[in-house]
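Since the structure comes first, as structure tokens, the remarks are kept for the end.
Numbering (mature numbering (1 follows the signal peptide of the UniProt record, and there is no 0)), first residue to last: -18 to -1, 1 to 84.
Set out below in structure tokens:
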């Protein structure tokens, strides 16, 4: 009887180990958390690479460039015009002004 109980118990122990989680390498190592580095050096990406490879201003005409001067536009037409005027305190919706083709 003792042999059959021992056999059943050992079989259950062996079968139950299939459902247990294996310890992760980070918990089993003596050094703590392991970091895996696959590259020899960091690779510049996106904005960092654009900044490093940007064209430099070497000519005096580029370095001492003045801002562009534009001629004045003139009077700007109104974007909205009031269609109706209501009683005091009441606001009607304004319709957008359609520019006429010349």
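C-beta: ideal position from N, C-alpha, C; glycine also.
These numbers come from a predicted model, not from an experiment.
Item: Do residue 53 and residue 45 come within 7 Å of each other at the CB atom, strictly closer than that value?; Value: no
Item: Please report how far the alpha carbon of residue 31 lies from the alpha carbon of residue 55, in whole angstroms.; Value: 40 Å
Item: Distance, Cα to Cα, residue 51 vs residue 23?; Value: 47 Å
Item: Just the C-alpha distance for residue -15 and residue -8, rounded to the nearest angstrom, thanks.; Value: 10 Å
Item: Given residue 29, which residues of its chain have a CB within under 6 Å of its CB, disregarding the five upstream and five downstream residues?; Value: none
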